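Residue numbers (the UniProt record's numbering): 1 to 768.
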Amino acid sequence: AAAAELQGKYQKLAQEYSKLRAQNQVLKKGVVDEQANSASLKEQVKMKDQSLRKLQQEMDSLTFRNQQLAKRVELLQDELALSETRGKKNKKSAESSSQLSQEQKSVFNEDLQKKIEENERLHILYFEADEQHKRLEAELRTRLQVLETDAAQHQAVVDGLTRKYTDTIEKLQNDKAKLEIKSQTLEREAKDCRLRTEECQQQLKNLQAALGSRLEESLCIINEKVPFNDTRSNRYNALNVPLHNRRYQLKLRDLAGQALAFVQELVTALLNFHTYTEQKVQIFPIDSATDTISPLNQKFSQYLHENASYVRPLEEGMLHLFESITEDTVTVLETAVKLKTFSEHLASYLCFLRKILPYQLKSLEEECESSLCTAALRARNTELQRDMKRLTAVFEKLHTYISLLALPSTEPEGLLRTNYNFVFTNIATSLHGFHDILQDISKHYSQKATLEQDVPTATQKLITTNDCILSSLVALTNGAGKIASFFSNNLDHFTSSLSYGPKAGTEFISPLSAECMLQYKKKAVAYMKSLKKPCADSVPYEEALANRRVLLSSTESREGLAQQVQQSLEKIAKLEQEKEHWMLEAQLAKIKLEKENQKLKNSLSGHLTETIQERSVLPNVAEQKKETTEKSPRELIKSTSLVNINSCLIKFLLCQAPDVECREDLIKNHYMARIAELTSHLQLADSKSVHFHAECRALAKRLSLAEKSKESLTEELKLASQNVTRLQASKILSYEDQLSMMSDHLCSMNETLTKQREEIDTLKMTSK
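Have a look at this one:
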């Protein structure tokens with residue numbers, strides 16, 4: 001089923017991917033069209049710029065021509081002035097030439113007038129062309145900006161779609177890999193299940209044959225040995241101790257603990273709700289701090305003030321019920337005596353609700369009759385009145401069914417076992433109804449609080465009290481929902497656990513028989529404890545686990561330990577040989593010491609020189625016998641022998657006395673101390689060499705693991721390159737994205753490979 005669901009999910013994702021791919025093509029086409037439009041507009045802008053430059057050049061040339069004409073006019077005016085001055089001098093010549101100058105002047109004036117008109121016309125054309133060019137340039141720039149923003153938006157959409165496509169592709173690939181792995185595991189499990197079924201069938205055949213033979217033997221034994229069978233009578237069978245179901249007891253205690261937590265949460269919410277309701281009665285519709293409230297609200301507030309004495313016992317009764325369910329008892333309805341106490345506490349709280357219900361309804365009616373109450377607020381109050389009646393009715397139902405469940409522990413005839421399932425089902429239904437009613441109350445009260453905030457005389461104290469009541473109602477609703485879902489989820493366990501009882505029995509006859517059964521159970525447990533013999537001393541379980549962890553975490557294998565044991569045996573053999581050698585040396589030294597004692601009787605000076613010569617010979621003899629050993633131990637023995645000679649001479653000079661045995665003891669003790677010191681140094685060197693050997697072997701193991709990880713990383717690099725080529729072939733990613741992804745992946749893989757190479761080099765160096 002999971003594979004089919006994943007396959008369907010994969011198909012949906014593939015369809016969505018195909019749709020997105022088609023949309024991507026359309027968007028790409030739109031982007032290309034917009035790019036072509038922007039390119040054409042850029043060309044138009046370039047052409048307009050060129051025409052503008054041409055007009056600018058023409059304008060420059062015209063201005064230059066105008067300047068030339070202006071200079072020429074100035075020259076002509078100067079010539080005219082000169083001609084006038086000359087005309088005064090010779091009027092005669094002037095009169096003759098006046099006609100010619102007037103004709104020239106008229107020609108010049110006409111030419112000048114034409115040039116001026118042409119210049120004005122060119123100025124007007126230039127101004128119009130300039131204005132048109134600026135307007136066109138502004139339009140093109142605005143259009144170019146709009147097209148650029150559209151292109152950027154389209155590009156962002158394309159980038160988002162490509163990222164989405166890559167994510168969906170990676171997700172689909174991961175799902176595919178997971179499905180393949182799951183299918184492989186399911187195939188392996190199917191094969192294992194087939195093998196197990198075959199084995200189980202074979203075992204079933206063997207067990208059937210064995211049980212058939214045992215059944216025949218048991219029937220023969222029962223018929224011959226059992227004089228009275230008490231399981232045939234329910235009255236006697238109820239006194240038999242049932243098999244202890246520890247799992248059932250732990251499960252039931254866990255459920256009781258959860259129910260206790262839910263009841264505690266519900267009790268806290270009820271206390272808060274009643275307390276804040278009392279505060280609300282004191283401040284609305286009339287504030288008791290400024291005016292006296294009505295006698296009805298005073299009485300209602302007095303009753304609400306007593307809520308703790310009715311609500312707290314519910315928590316205490318549930319706590320006693322939880323404490324009565326232990327691992328050693330047998331918990332069924334016939335033995336659950338504390339359930340009766342919880343039922344009584346619930347009955348007292350129900351009486352409290354019945355007592356405050358009329359006052360609560362009348363208080364809401366008073367609010368409706370006040371001048372501050374609007375039509376909407378009056379409608380909410382009527383809804384709350386209806387909800388409070390429903391709440392009391394639900395508590396009456398719960399009390400009825402819980403009191404029925406408490407009957408088997410006091411009056412077994414009051415409730416038949418066949419009706420247990422019906423009672424539990426109705427309790428679950430009532431709890432769900434309780435949750436629904438609290439949801440309605442919370443909704444209606446939130447609307448009422450919103451309307452009360454709009455009242456002109458609403459104070460901050462009223463708003464705060466309404467918020468507190470709403471929070472307590474929310475907590476009460478959540479607690480009721482948790483209890484309802486908890487009871488519905490464990491309804492099968494409650495109904496199925498009722499068959500727990502004596503072997504081959506269907507029920508307990510009475511609470512008295514259940515109490516007798518519990519006493520017999522305690523006696524049986526005491527008897528079994530008395531028969532239990534103390535176990536022999538062994539390694540504690542925690543210490544054994546710790547030793548096992550140390551053994552598993554050790555870097556040495558069985559072969560290494562065997563090799564160390566072999567080396568230790570060889571060293572022990574060498575030490576035994578050296579011990580025999582040094583015993584012979586000690587005997588030789590003893591003989592020489594006796595000779596020296598004889599020579600000491602002659603003279604002290606001769607004795608000193610002879611002892612120095614003889615003791616200098618001893619280390620040479622030891623070195624000749626130890627030529628086959630290593631160089632460092634030979635030098636150590638040589639140096640220690642010289643030190644021994646000097647120390648012996650000093651002791652001999654200091655302890656010179658006629659007592660020969662005292663001198664022999666001193667020399668013997670000195671030699672024994674030096675031998676012990678040398679053996680300790682030798683053992684320390686051996687332990688260091690063994691530790692270094694173990695470290696070298698551990699480094700070799702790490703080196704092999706690093707080589708394996710290097711091979712796995714190279715394989716992953718190959719797979720990554722194959723995936724990149726396959727994605728390129730499918731044209732899902734763009735060329736630049738592919739190159740960046742491949743380069744990033746290759747860089748990361750190269751970094752990991754370089755790290756592995758560096759680690760391998762360091763391991764090789766340390767191992768060397």
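All C-beta atoms in this analysis are idealised placements derived from N, C-alpha and C, irrespective of residue type, glycine included.
Small disclaimer: the values here were computed from a predicted structure and weren't measured.
{"Item": "Our contact map puts Leu140 next to Val45 with C-beta atoms below 8 angstroms; I'd like the distance itself, whole angstroms only.", "Value": "5 angstroms"}
{"Item": "Starting from Ser363, trace the alpha helix (DSSP H) in both directions and tell me its first and last residue.", "Value": "Lys338 to Glu369"}
{"Item": "Take the Cβ of Tyr401 as the centre, count every other Cβ of all protein chains shown within 10 Å, and call the residue buried at 16 or more, exposed below.", "Value": "buried"}
{"Item": "In or out: Arg188 buried (at least 16 other Cβ within 10 Å) or exposed?", "Value": "exposed"}
{"Item": "Pull up the distance between the alpha-carbon of Thr410 and that of Tyr520, whole angstroms please.", "Value": "20 angstroms"}
{"Item": "Tell me which residue opens and which closes the alpha helix (DSSP H) that Thr477 is part of.", "Value": "Gln460 to Asn489"}
{"Item": "Mind checking which residues open and close the alpha helix (DSSP H) that includes Lys532?", "Value": "First-last for Lys532: undefined, no H or E at that position."}
{"Item": "Could you tell me whether the Cβ atoms of Phe322 and Ala269 are closer together than 8 angstroms?", "Value": "no"}
{"Item": "Could you check which residue in Ile169, Gly433, Arg378 and Thr425 has the C-alpha nearest to that of Ala393?", "Value": "Gly433"}
{"Item": "Taking C-beta to C-beta, are Tyr310 and Ser348 nearer than 8 angstroms?", "Value": "yes"}
{"Item": "Take the Cβ of Asn297 as the centre, count every other Cβ of all protein chains shown within 10 Å, and call the residue buried at 16 or more, exposed below.", "Value": "buried"}
{"Item": "Taking just the CA atoms, how far does Leu179 sit from Val31?", "Value": "39 angstroms"}
{"Item": "How about Leu144 and Leu41: do their beta carbons lie closer than 8 angstroms?", "Value": "yes"}
{"Item": "If you reduce the DSSP assignment to three classes, tell me which class Asn272 lands in.", "Value": "helix"}
{"Item": "Between Phe424 and Leu491, how many whole angstroms is the CB-CB distance? I'm expecting something under 8 angstroms.", "Value": "6 angstroms"}
{"Item": "Any idea if Arg380 is buried or exposed, counting beta-carbon neighbours within 10 angstroms, 16 or more meaning buried?", "Value": "buried"}
{"Item": "For the alpha helix (DSSP H) that contains Arg417, what are its first and last residues?", "Value": "Note, Arg417: premise wrong, no alpha helix (DSSP H); not H, not E."}
{"Item": "In terms of residue numbering, what span does the alpha helix (DSSP H) encompassing Val311 cover?", "Value": "Ala308 to Ser324"}
{"Item": "If the criterion is Cβ atoms closer than 8 angstroms, does the pair Leu250 and Leu319 meet it?", "Value": "no"}
{"Item": "For Ser370, count neighbouring Cβ atoms within 10 angstroms of its own Cβ and tell me buried if that reaches 16, exposed if not.", "Value": "exposed"}
{"Item": "Tell me the residue span of the alpha helix (DSSP H) that contains Lys284.", "Value": "Residue identity check: residue 284 is Phe in the sequence provided, not Lys. Unbroken run through Phe284: none, as it is neither H nor E."}
{"Item": "What are the boundary residues of the alpha helix (DSSP H) that includes Val332?", "Value": "Unbroken run through Val332: none, as it is neither H nor E."}
{"Item": "In three-state terms, what does DSSP make of Thr185?", "Value": "helix"}
{"Item": "For Thr292, which of helix, strand or coil comes out of DSSP?", "Value": "coil"}
{"Item": "Please tell me whether Leu405 and Leu333 are closer than 8 angstroms, where the distance is taken between their beta carbons.", "Value": "yes"}
{"Item": "Locate the alpha helix (DSSP H) running through Glu383, then write down its first and last residues.", "Value": "Ala375 to Leu405"}
{"Item": "Okay, do the stretch 474-481 and the stretch 266-283 touch, 3+ Cβ pairs below 8 angstroms being the bar?", "Value": "yes"}
{"Item": "So is Thr292 buried or exposed if we call it buried at 16+ other beta carbons inside 10 Å?", "Value": "exposed"}
{"Item": "To the nearest angstrom, how far is the alpha carbon of Asp440 from that of Ile469?", "Value": "14 angstroms"}
{"Item": "Closer than 7 angstroms by C-beta to Tyr126: which residues in its own chain qualify, once you throw out the five before and the five after it? Chain order, please.", "Value": "Leu55 and Met59"}
{"Item": "Return the Cβ separation of Lys115 and Leu69 in integer angstroms, given the expectation that the two are a contact with Cβ distance under 8 angstroms.", "Value": "5 angstroms"}
{"Item": "Cβ of Ile325 within 8 angstroms of Cβ of Arg253?", "Value": "yes"}
{"Item": "Please determine, among Arg674, Asp150 and Thr459, the residue with the shortest C-alpha to C-alpha distance to Thr290.", "Value": "Thr459"}
{"Item": "So, with DSSP's three-state summary, where would you put Glu278?", "Value": "helix"}
{"Item": "Could you give the distance in angstroms between the alpha-carbon of Lys574 and the alpha-carbon of Ser530?", "Value": "58 angstroms"}
{"Item": "So for Val539, helix, strand or coil by DSSP?", "Value": "coil"}
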